[in-house]
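In case it helps, our numbering puts the sequence shown at residues 377 to 1088. Backbone N, C-alpha and C define an ideal beta-carbon position, used for all residues, glycine too. Presented below is the structure to which this report refers.
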Amino acid sequence: MRFLTTTLLSLAAKAAADFLPGLPSTPFTPTGGTLSSSLLSKIIVSSAFADSRDEAGQTLIPPTLHAFAMTFAQDLSSALKLDIPLELGDAPEKGSIFLTLADDTSIYKDAAGRETSEGYSLNVTADGVLITGASPLGAWWATRTLLQQLIVGDGELKLGYGTDSPGWGTRGMMLDIARHYYPAEFLIEMCAYMSFFKQNTFQLHLSDNLYNNVAIYSRERSLSLYAAFRLLSDDPALEGLNRRANESYTRDVFDDVQAKCAARGVTILPEIEAPGHALVISQWKPELGLSSDLSLLNISNPDTIPTVKKIWEIFLPWFHTKTVSIGADEYVDAALSEDALVAEYTRFVDEMNEYITSTSGKKVNIWGTFAPSVGGTVNKSVSIQHWANFEANPLYDFINNGYDVLNSGDYVYTVGKWSQSYGQELSLEFIFNGSPDGSPFSPNIFDRKNASNNAARDNALLLGHIAPQWNDYGPNATTVTEGYYQWRDGLPALADKQWGGEVAEADYQGLFSALQPLAPGQNLDQRIASIGPTIVEYDFKQERGRNGTAVKDLSGNNYHATSTCATGNEGAILAPSCNITTPLTQKGRNYTLSFAIKPTSDAKGAIFSGGDGGLWFGNGTVDAVMLFSGGNTYALNYTFPVGSWTNASLIGRGKQTFLDVGDGEPKEFLTIIGWNGAQFVWQPIAVEAPLARVGGSGFEGVISGMKLVDHA
């Protein structure tokens, strides 16, 4: 059991009597005293409801109450080392955590006063814990509360009772995975992180392109510009649409992502973008693009809508959700009058809406583009994802005209690494002060300056809130995990406000510091357990003249390696035919990886590799030390001298990565970002320490040892 600081215990003690301190906070009436986790001997799932599922939520693959309970038990073990057995039963027992469903769900209300299946009741007595969910999903959110309280209370649960419900049904994040590929496991881990803080929706922007700067790009340049469609089908009708098979999701992979996210209460909301941001379709079928801008489909072309329908026909069965997004964002056509443009756009949306709803029963979401005031009268069964007040007034243009609205206002936009318009991290200032009166943000806030533009908190047409992260400048602007770090520190605070929580800014950092490291089901920080500051250390000179041997970890952590390389007086002799493998993969931010290296030829290849990254001694015809991450390289104006020893350190310091070879200031790895084809921007890059393998991919040389410490 992890013991918490005196500061955190003080925070728990001073919490308001009607709320438990958590992210989100939880309404609760304490009755005095505590229950120790050491007295909890079993988890009992009500036999009557064990196979029940939540049918009211957005997912089409909802877990059972028993399945949620199994995940909860695993979380207790992994996060808190509490190995509590699980069984079915008809009633609570002394020392049990009993999970059941409510007979009367009318007490669980959202902000609009409607019943919600995500509500729950929590009752902690000296005899045990009773969790009662409005549905299995509600019971799941109760387990998040219980897990957080065990952390905050250092294994002690306050005795008392409370009833909790989210204010809004859609709470989550959106990730642009079109202009930057993210491995499936990363998406799954992000769902786990979101779930711990009770977010329930992860929107995936599956198709898009870099900005098509028609002012300077030729048609040929547009046809080769970075664009991606991330789903990979073998249906002949779509042959050529996906040109990035190695950075895509097959149906099996996408099914796995959706299932593992649903297992933690998070629904994947898929988005396929058209008729704007659709260069990937025009690159596949150039005749469908507008001649003035190939990133925009020509809706007037009689083949355009049938082609988009065919894409949806093939992928609709992949999507295990009741709602999908067709994008429909930022569409223009200079050849049309404003009225004709809006009419064509409306026709596209309405035809796609009718097709999707009639063939699949799913609802359709679009980005707010043309308001009714300019003739954009799309069918009112289509929900509007508001993003910018300059596009439309979400209250007066959409809600007051009867449209459901999902708030994604650009106050919470983030853009990968650099932007002239938006930040790179969620703004805690906005989250805690984003209402016109300076009070915290909530999903009904569209305008932080003018309260008259904001919906009432109880407006029934307000669906909730999703915060987007865009990758406007493509895949080399950020690493995979930098996408996580843009959300890491602010997401729990935002989740509190999306739920309707009451966490104060003054209390947030204490709660975050306690809860974030123990969020179960993920290791996005890429932490490595260690008994001290030295995580792993190898002396490759120990087993001279032998290969196929174990290499002892001198740190005391027992991360022993295995070598298939010969060793000599100087160390392990690295060659393409051998390697040294470790039980580790990568170390996240704030590390120093020290090593002594002597290249014996100019053969290019990785010195260290692990996960999606590596440290390379050149690549192809490039003679430079470079970092490799997610298919992109970040090179220095430096290389290790052949035939000479270099004592080097790869240093990860916050958002920056350096190589120190003792000849002055450490050399910083930078990414060069293309800014819409007009100029370049240099920015830092944060790459994890690659640890899984030493050598084995072309490099020839000798390495005498390596040591990784947990600071920079």
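- Glu730 carries a helical assignment under DSSP once its states are collapsed to helix, strand and coil.
- Taking 9 Å as the cut-off, the Cβ atoms of Ser795 and Ile690 do not count as close.
- Ala455 and Leu894 do touch by the CB rule: their CB atoms are close to 5 Å apart, below 8 Å.
- With the rule of 3 Cβ pairs closer than 8 Å, the stretch 860-874 does not count as touching the stretch 522-530.
- Take Gly1006, set aside five residues on each side of it, and the residues of its chain with a beta-carbon closer than 6 Å to its own are Thr855, Val856, Asp988, in chain order.
- Residue environment for His696: buried (at least 16 other C-beta atoms within 10 angstroms of its C-beta).
- Relative to Gln1032, the option among Gln634, Tyr967, Ser1073 whose CA is nearest is Tyr967.
- The Cβ-Cβ distance between Asp705 and His653 falls below 9 Å.
- A contact is defined here as three or more CB-CB pairs under 8 Å, and the stretch 458-472 meets this definition with respect to the stretch 406-420.
- Taking one beta carbon from each stretch, the stretch 741-752 and the stretch 511-519 have fewer than 3 pairs nearer than 8 Å; the two do not touch.
- For Val740, the uninterrupted beta strand (DSSP E) run begins and ends at 739-743, by DSSP.
- If you keep only unbroken beta strand (DSSP E) runs of at least 3 residues inside the stretch 469-512, you get 472-477, 496-501, 504-509.
- Thr402 and Pro542 have their C-alpha atoms spaced approximately 10 Å apart.
- Shown here for Thr435: same chain residues with a beta carbon closer than 7 Å to its own, the five before and five after excluded, namely Ala638, Thr643, His696, Thr697 in chain order.
- Cβ-Cβ distances below 7 Å link Ile842 to Thr546, Gly548, Met549, Met550, Thr577, Gln579, Leu782, Ser784 in the same chain, with the five nearest sequence neighbours on each side left out; the list follows chain order.
- Looking at the backbone, the Cα of Val633 and that of Glu561 are separated by about 8 Å.
- With a threshold of 16 other beta carbon atoms within 10 Å, Asp611 falls short and is exposed.
- Judged by their CB atoms, Thr492 and Ala510 are nearer to each other than the 9 Å cut-off.
- Following the DSSP letters along the chain, one finds Glu565 inside the alpha helix (DSSP H) bounded by residues 560-572.
- For Tyr1014, the closest of Val788, Thr790, Pro1042 by C-alpha to C-alpha distance is Pro1042.
- DSSP places Ile648 in the uninterrupted beta strand (DSSP E) bounded by 643-650.
- In terms of CA proximity to Gly1077, Glu946 leads the group Ala890, Gly877, Glu946.
- With 16 or more neighbouring CB atoms inside 10 Å of its own CB, His556 falls in the buried class.
- Remark: C-beta atoms of Pro816 and Asp823 do not approach each other more closely than 9 Å.
- For Thr957 against Ala1068, the beta-carbon gap comes to about 7 Å, under 8 Å, which counts as contact.
- Counting along the chain, Gly886 sits inside the alpha helix (DSSP H) bounded by residues 881-891.
- Ranked by Cα distance from Ile1048, the first of Ser906, Asn677, Gly850 is Gly850.
- DSSP, reduced to helix, strand and coil, places Ile807 within a helical segment of the structure shown.
- With contact defined as three or more Cβ pairs closer than 8 Å, the stretch 597-604 and the stretch 654-667 are in contact.
- Here Ser1073 is not near Ala937, since their CB atoms are 9 Å or more apart.
- When Ser977, Leu930, Ala882 are compared, the shortest CA-CA separation from Phe916 is found for Leu930.
- Around the beta-carbon of Gly792, 16 or more other beta-carbon atoms lie within 10 Å, marking it buried.
- Looking from the CA of Leu399, the closest CA among Gln892, Asp430, Pro844 belongs to Gln892.
- Spanning the alpha carbons of Asp480 and Leu839 requires a straight line of approximately 24 Å.
- Annotation: Asn835 to Ala488 spans about 6 Å, alpha carbon to alpha carbon.
- Assignment of Asn955 by DSSP, reduced to helix, strand and coil, places it in the coil class.
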